[in-house]
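Please read the structure below before turning to the comments.
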Amino acid sequence: MFDVRTIPVAERERITNNLLKWGIAIDQETGKIDYIPGTTTPAVKCNSIYLIRHAETVAVVNHEFMSDTSANCAFTDNGIEITHKQAAQLDSYNFDVALYGPIERVVNTKNLIMQTPQKFPYVPVEKLHGINNTGWEYKTYFDLEHDPTFIAREIENNMFARTPKGSSWGTVIANCVDVLEFINQNYEGKNILLISQGSVLRAMQILLRARKHPWDDFTVSGMYHVGDDSKKKKDYGIIAKVF
(Lines of atoms letter the chains of each structure in order from A; the text may use other names.)
(Lines give C-alpha, C1' and ligand atoms only; values in the text may rest on other atoms or scores of the structure.)
Protein backbone atom coordinates (compact mmCIF):
# COMPACT_ATOMS: atom_id res chain seq x y z
CA MET A 269 0.00 0.00 0.00
CA PHE A 270 1.18 3.54 -0.74
CA ASP A 271 2.40 5.39 2.38
CA VAL A 272 0.45 8.66 2.64
CA ARG A 273 3.02 10.00 5.11
CA THR A 274 5.47 10.71 2.29
CA ILE A 275 3.78 14.03 1.47
CA PRO A 276 5.04 16.96 3.60
CA VAL A 277 2.86 17.64 6.65
CA ALA A 278 2.34 21.32 5.78
CA GLU A 279 1.14 20.47 2.26
CA ARG A 280 -1.12 17.73 3.62
CA GLU A 281 -2.70 20.23 6.01
CA ARG A 282 -3.15 22.82 3.23
CA ILE A 283 -4.87 20.26 1.01
CA THR A 284 -7.17 19.14 3.83
CA ASN A 285 -8.11 22.68 4.89
CA ASN A 286 -8.64 24.01 1.37
CA LEU A 287 -10.92 21.15 0.42
CA LEU A 288 -12.91 21.53 3.64
CA LYS A 289 -13.73 25.10 2.56
CA TRP A 290 -15.57 23.54 -0.39
CA GLY A 291 -17.35 20.87 1.63
CA ILE A 292 -14.96 18.04 0.74
CA ALA A 293 -13.59 15.71 3.41
CA ILE A 294 -10.40 13.62 3.10
CA ASP A 295 -9.89 10.28 4.82
CA GLN A 296 -6.44 10.85 6.31
CA GLU A 297 -5.46 7.19 6.05
CA THR A 298 -6.54 6.40 2.50
CA GLY A 299 -6.47 9.88 0.98
CA LYS A 300 -9.94 9.34 -0.49
CA ILE A 301 -12.35 12.25 -0.76
CA ASP A 302 -16.10 12.72 -0.77
CA TYR A 303 -18.58 15.55 -0.44
CA ILE A 304 -19.75 16.29 3.09
CA PRO A 305 -23.54 15.76 3.21
CA GLY A 306 -25.55 18.94 3.57
CA THR A 307 -22.77 21.28 2.46
CA THR A 308 -22.74 23.54 -0.58
CA THR A 309 -19.93 25.20 -2.49
CA PRO A 310 -18.97 28.82 -1.80
CA ALA A 311 -20.36 31.37 -4.23
CA VAL A 312 -18.46 31.81 -7.50
CA LYS A 313 -18.69 35.52 -8.25
CA CYS A 314 -17.61 35.62 -11.89
CA ASN A 315 -20.12 35.28 -14.72
CA SER A 316 -18.53 32.25 -16.42
CA ILE A 317 -15.36 30.14 -16.52
CA TYR A 318 -14.08 28.21 -19.52
CA LEU A 319 -10.84 26.28 -19.89
CA ILE A 320 -8.61 25.49 -22.85
CA ARG A 321 -6.38 22.47 -22.31
CA HIS A 322 -2.85 22.84 -23.70
CA ALA A 323 -2.27 21.82 -27.32
CA GLU A 324 -1.69 18.19 -28.26
CA THR A 325 1.88 17.07 -27.56
CA VAL A 326 4.23 14.35 -28.76
CA ALA A 327 3.57 12.54 -25.47
CA VAL A 328 -0.17 12.41 -26.18
CA VAL A 329 0.43 10.77 -29.56
CA ASN A 330 2.93 8.33 -28.04
CA HIS A 331 0.65 7.55 -25.05
CA GLU A 332 3.40 8.72 -22.69
CA PHE A 333 3.29 10.69 -19.47
CA MET A 334 4.81 14.18 -19.36
CA SER A 335 6.52 16.12 -16.63
CA ASP A 336 6.51 19.92 -16.50
CA THR A 337 9.75 20.09 -18.50
CA SER A 338 10.13 16.84 -20.48
CA ALA A 339 10.97 17.06 -24.19
CA ASN A 340 7.86 15.07 -25.16
CA CYS A 341 5.82 18.21 -24.29
CA ALA A 342 6.59 19.58 -27.77
CA PHE A 343 3.44 20.26 -29.80
CA THR A 344 2.40 18.23 -32.82
CA ASP A 345 1.43 19.93 -36.07
CA ASN A 346 -2.12 18.74 -35.45
CA GLY A 347 -2.08 20.28 -31.97
CA ILE A 348 -0.96 23.63 -33.32
CA GLU A 349 -3.60 23.59 -36.05
CA ILE A 350 -6.44 22.74 -33.65
CA THR A 351 -5.40 25.45 -31.18
CA HIS A 352 -5.23 28.06 -33.94
CA LYS A 353 -8.73 27.10 -35.08
CA GLN A 354 -10.04 27.40 -31.52
CA ALA A 355 -8.33 30.76 -31.05
CA ALA A 356 -10.21 32.11 -34.08
CA GLN A 357 -13.51 31.38 -32.31
CA LEU A 358 -12.78 32.96 -28.93
CA ASP A 359 -14.22 36.40 -29.71
CA SER A 360 -17.72 34.96 -29.57
CA TYR A 361 -17.30 34.15 -25.86
CA ASN A 362 -16.71 37.79 -24.83
CA PHE A 363 -13.96 36.92 -22.37
CA ASP A 364 -12.77 39.70 -20.08
CA VAL A 365 -9.48 38.04 -19.17
CA ALA A 366 -7.43 34.89 -19.77
CA LEU A 367 -5.60 33.36 -16.81
CA TYR A 368 -2.82 30.96 -17.75
CA GLY A 369 -0.67 28.48 -15.85
CA PRO A 370 3.12 28.53 -15.38
CA ILE A 371 4.43 25.47 -17.22
CA GLU A 372 6.01 25.64 -20.67
CA ARG A 373 3.36 23.80 -22.70
CA VAL A 374 0.63 25.98 -21.22
CA VAL A 375 2.57 29.19 -21.84
CA ASN A 376 3.25 28.02 -25.39
CA THR A 377 -0.46 27.33 -25.88
CA LYS A 378 -1.16 30.87 -24.72
CA ASN A 379 1.36 32.12 -27.27
CA LEU A 380 -0.39 30.15 -30.03
CA ILE A 381 -3.71 31.73 -29.04
CA MET A 382 -2.14 35.19 -29.05
CA GLN A 383 -1.16 34.75 -32.70
CA THR A 384 -4.85 35.39 -33.40
CA PRO A 385 -5.51 38.89 -32.00
CA GLN A 386 -7.79 38.76 -28.96
CA LYS A 387 -9.60 41.52 -27.09
CA PHE A 388 -8.78 40.27 -23.59
CA PRO A 389 -5.58 40.58 -21.50
CA TYR A 390 -3.53 37.60 -20.30
CA VAL A 391 -2.61 37.18 -16.63
CA PRO A 392 -0.16 34.53 -15.34
CA VAL A 393 -1.42 32.60 -12.29
CA GLU A 394 1.13 30.36 -10.57
CA LYS A 395 -1.49 28.20 -8.85
CA LEU A 396 -3.16 27.33 -12.17
CA HIS A 397 -0.90 24.29 -12.22
CA GLY A 398 -2.05 20.76 -12.93
CA ILE A 399 -0.43 17.39 -12.26
CA ASN A 400 3.36 17.25 -12.55
CA ASN A 401 4.49 13.74 -13.47
CA THR A 402 8.20 14.20 -12.85
CA GLY A 403 9.60 10.69 -12.49
CA TRP A 404 7.07 9.20 -14.92
CA GLU A 405 8.02 11.17 -18.05
CA TYR A 406 8.25 9.03 -21.22
CA LYS A 407 6.64 6.08 -19.42
CA THR A 408 3.38 4.51 -20.54
CA TYR A 409 0.47 3.07 -18.59
CA PHE A 410 1.94 -0.40 -19.12
CA ASP A 411 5.23 0.72 -17.57
CA LEU A 412 3.41 1.99 -14.49
CA GLU A 413 0.31 -0.16 -14.03
CA HIS A 414 1.89 -2.17 -11.16
CA ASP A 415 3.68 0.78 -9.53
CA PRO A 416 2.22 1.36 -6.00
CA THR A 417 2.33 5.15 -6.35
CA PHE A 418 0.59 5.03 -9.72
CA ILE A 419 -2.10 2.72 -8.36
CA ALA A 420 -2.60 4.95 -5.32
CA ARG A 421 -2.80 8.21 -7.30
CA GLU A 422 -4.60 7.18 -10.48
CA ILE A 423 -6.62 4.07 -9.57
CA GLU A 424 -7.42 4.66 -5.90
CA ASN A 425 -7.61 8.48 -6.22
CA ASN A 426 -5.46 9.04 -3.15
CA MET A 427 -5.14 12.81 -2.68
CA PHE A 428 -1.70 12.51 -1.11
CA ALA A 429 -0.05 10.14 -3.59
CA ARG A 430 2.64 11.73 -5.77
CA THR A 431 5.90 10.94 -7.49
CA PRO A 432 8.91 11.98 -5.38
CA LYS A 433 9.44 15.17 -7.42
CA GLY A 434 5.94 15.50 -8.84
CA SER A 435 2.59 16.52 -7.42
CA SER A 436 -0.59 14.96 -6.07
CA TRP A 437 -4.22 15.35 -7.02
CA GLY A 438 -4.73 16.93 -3.61
CA THR A 439 -2.25 19.70 -4.43
CA VAL A 440 -3.91 20.35 -7.78
CA ILE A 441 -7.38 20.62 -6.22
CA ALA A 442 -6.11 22.76 -3.33
CA ASN A 443 -4.43 25.07 -5.86
CA CYS A 444 -7.72 25.39 -7.73
CA VAL A 445 -9.39 26.52 -4.50
CA ASP A 446 -6.83 29.33 -4.40
CA VAL A 447 -7.50 30.14 -8.08
CA LEU A 448 -11.27 30.39 -7.46
CA GLU A 449 -10.63 32.67 -4.49
CA PHE A 450 -8.37 34.81 -6.71
CA ILE A 451 -11.12 35.01 -9.33
CA ASN A 452 -13.69 36.00 -6.68
CA GLN A 453 -11.41 38.76 -5.39
CA ASN A 454 -10.53 40.23 -8.78
CA TYR A 455 -13.06 39.30 -11.46
CA GLU A 456 -16.58 39.49 -10.06
CA GLY A 457 -19.14 39.46 -12.88
CA LYS A 458 -16.48 38.75 -15.53
CA ASN A 459 -16.13 36.03 -18.16
CA ILE A 460 -12.94 34.06 -17.51
CA LEU A 461 -10.81 31.90 -19.82
CA LEU A 462 -8.35 29.52 -18.16
CA ILE A 463 -5.43 28.11 -20.17
CA SER A 464 -4.06 25.09 -18.34
CA GLN A 465 -4.03 21.28 -18.07
CA GLY A 466 -6.67 18.56 -18.09
CA SER A 467 -6.13 17.87 -14.40
CA VAL A 468 -7.10 21.48 -13.62
CA LEU A 469 -10.36 20.99 -15.51
CA ARG A 470 -11.08 17.85 -13.48
CA ALA A 471 -10.18 19.62 -10.22
CA MET A 472 -12.52 22.51 -11.02
CA GLN A 473 -15.30 20.07 -11.85
CA ILE A 474 -14.78 18.33 -8.49
CA LEU A 475 -14.90 21.60 -6.57
CA LEU A 476 -18.00 22.81 -8.44
CA ARG A 477 -19.74 19.42 -7.99
CA ALA A 478 -20.22 18.63 -11.65
CA ARG A 479 -21.07 15.04 -10.71
CA LYS A 480 -22.61 13.15 -7.79
CA HIS A 481 -19.26 11.83 -6.53
CA PRO A 482 -15.89 13.56 -7.13
CA TRP A 483 -14.43 10.68 -9.16
CA ASP A 484 -17.51 9.52 -11.06
CA ASP A 485 -16.58 8.64 -14.68
CA PHE A 486 -12.84 9.13 -14.05
CA THR A 487 -10.55 6.62 -15.73
CA VAL A 488 -6.83 6.73 -16.39
CA SER A 489 -7.39 6.08 -20.10
CA GLY A 490 -9.98 8.85 -20.25
CA MET A 491 -7.80 11.37 -18.42
CA TYR A 492 -4.59 10.68 -20.30
CA HIS A 493 -5.94 8.97 -23.45
CA VAL A 494 -3.70 6.03 -22.57
CA GLY A 495 -3.69 3.73 -25.57
CA ASP A 496 -7.07 5.01 -26.72
CA ASP A 497 -6.86 6.14 -30.34
CA SER A 498 -10.63 6.20 -30.74
CA LYS A 499 -10.84 9.50 -28.86
CA LYS A 500 -8.42 11.12 -31.33
CA LYS A 501 -7.30 13.45 -28.55
CA LYS A 502 -10.21 15.75 -29.29
CA ASP A 503 -10.02 17.85 -26.13
CA TYR A 504 -6.44 19.15 -26.45
CA GLY A 505 -6.49 22.80 -27.47
CA ILE A 506 -10.30 22.84 -27.24
CA ILE A 507 -12.43 25.03 -25.00
CA ALA A 508 -14.61 23.44 -22.31
CA LYS A 509 -17.13 25.07 -19.97
CA VAL A 510 -16.25 24.93 -16.27
CA PHE A 511 -18.87 27.25 -14.73
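So the numbering used here is basically just the index in the sequence shown, starting at one, shifted up by 268. C-beta: ideal position from N, C-alpha, C; glycine also.
ask   = Helix, strand or coil: how does DSSP classify residue 343 here?
value = Along the sequence shown, one-based indexing puts residue 343 at 75. The answer is strand: DSSP assigns residue 343 an E or B state.
Residue 461 to residue 367 span [Cα, whole Å] = In the sequence shown, the residue the question calls residue 461 occupies position 193. In the sequence shown, the residue the question calls residue 367 occupies position 99. So the two alpha carbons sit approximately 6 Å from each other.
request  = In the DSSP assignment, find the unbroken alpha helix (DSSP H) run with residue 367 in it and report its ends.
outcome  = Within the sequence shown, residue 367 is the residue found at index 99, counting from 1. First-last for residue 367: 365-368, but that is the beta strand (DSSP E), not the alpha helix (DSSP H).
query = In whole angstroms, what separates the C-alpha of residue 375 from that of residue 385?
reply = The count along the sequence shown starts at 1 and reaches residue 375 at position 107. The count along the sequence shown starts at 1 and reaches residue 385 at position 117. Roughly 16 Å between the two C-alpha positions.
inquiry  = Only counting the same chain, and skipping five residues up and downstream in sequence, which positions put a Cβ closer than 6 Å to that of residue 304?
reply    = Position 36 of the sequence shown, counted from the start, is the residue given in the question as residue 304. 291 and 293.
key: Three or more C-beta pairs below 8 Å linking the segment 306-318 and the segment 391-406   = no
ask   = In three-state terms, what does DSSP make of residue 512?
value = This structure cannot speak to residue 512, because the chain is shown only from 269 to 511.
task = Under 8 Å by Cβ, that's how I've got residue 351 and residue 323 pegged, so tell me the actual separation to the nearest angstrom.
result = Against the sequence shown, residue 351 aligns to sequence position 83. Against the sequence shown, residue 323 aligns to sequence position 55. Indeed, because the Cβ distance is near 4 Å, the residues count as touching under 8 Å.
query = Where does the unbroken alpha helix (DSSP H) through residue 489 begin, and where does it stop?
reply = Position 221 of the sequence shown, counting from 1, holds the residue named residue 489. Note, residue 489: alpha helix (DSSP H), 488-492.
task = Grab me the residues of residue 356's own chain with a C-beta within less than 6 Å of its C-beta, minus the 5 sequence neighbours each way, in chain order.
result = Numbered from its first residue, the sequence shown carries residue 356 at position 88. Within the same chain, residue 356 has close Cβ partners 384.
query = If you follow the alpha helix (DSSP H) that residue 446 is part of, which residue opens it and which one closes it?
reply = As a first step, residue 446 must be located in the sequence shown, where it is residue number 178. Its alpha helix (DSSP H) spans residues 437-454.
ask   = How about residue 478 and residue 444: are their beta carbons less than 8 Å apart?
value = As a working mapping, residue 478 is identified with position 210 in the sequence shown. As a working mapping, residue 444 is identified with position 176 in the sequence shown. The Cβ-Cβ distance between residue 478 and residue 444 does not fall below 8 Å.
ask   = Short check: CB of residue 514 to CB of residue 422, under 8 Å?
value = In this structure the chain extends from 269 to 511, so residue 514 is not present and cannot be described.
message = Checking 8 Å against the spacing of the C-beta atoms, do residue 428 and residue 301 come in under that value?
response = Taking the sequence shown and counting its residues from 1, one reaches residue 428 at position 160. Taking the sequence shown and counting its residues from 1, one reaches residue 301 at position 33. In this structure, residue 301 does not lie closer than 8 Å to residue 428 by Cβ.
Contained alpha helix (DSSP H) runs [length at least 4] in the segment 271-358, N- to C-terminal order = 277-289, 326-330 and 345-355
ask   = CB residue 312 to CB residue 448, shorter than 8 Å?
value = The sequence position of residue 312 within the sequence shown is 44, counting from 1. The sequence position of residue 448 within the sequence shown is 180, counting from 1. For residue 312 and residue 448, yes; Cβs fall inside 8 Å.
task = Check the DSSP bridge columns for residue 392 and list the partner residues they point to.
result = Your numbering for residue 392 matches position 124 in the sequence shown. Paired residue(s): 368.
query = Can you check whether the CB of residue 507 is closer than 8 Å to the CB of residue 354?
reply = Walking along the sequence shown from the start, residue 354 turns up at place 86. Walking along the sequence shown from the start, residue 507 turns up at place 239. Result yes, Cβ atoms of residue 354 and residue 507 sit closer than 8 Å.
inquiry  = Within the continuous alpha helix (DSSP H) that includes residue 360, where are the two ends?
reply    = Position 92 of the sequence shown, counting from 1, holds the residue named residue 360. Counting along the chain, residue 360 falls outside any alpha helix (DSSP H), and DSSP gives it neither H nor E.
request  = To the nearest angstrom, report how far apart residue 295 and residue 378 are at their CA atoms.
outcome  = Locating residue 295 in the sequence shown gives position 27, where the first residue counts as 1. Locating residue 378 in the sequence shown gives position 110, where the first residue counts as 1. Whole-angstrom Cα-Cα distance: 37 Å.
ask   = Tell me which same chain residues have a C-beta within less than 7 Å of the C-beta of residue 396, skipping the five on either side of it?
value = Counted from its first residue, the sequence shown places residue 396 at position 128. For residue 396, where only same-chain residues beyond five positions count, the Cβ hits under 7 Å are 367, 368, 369, 447, 462, 464 and 468.
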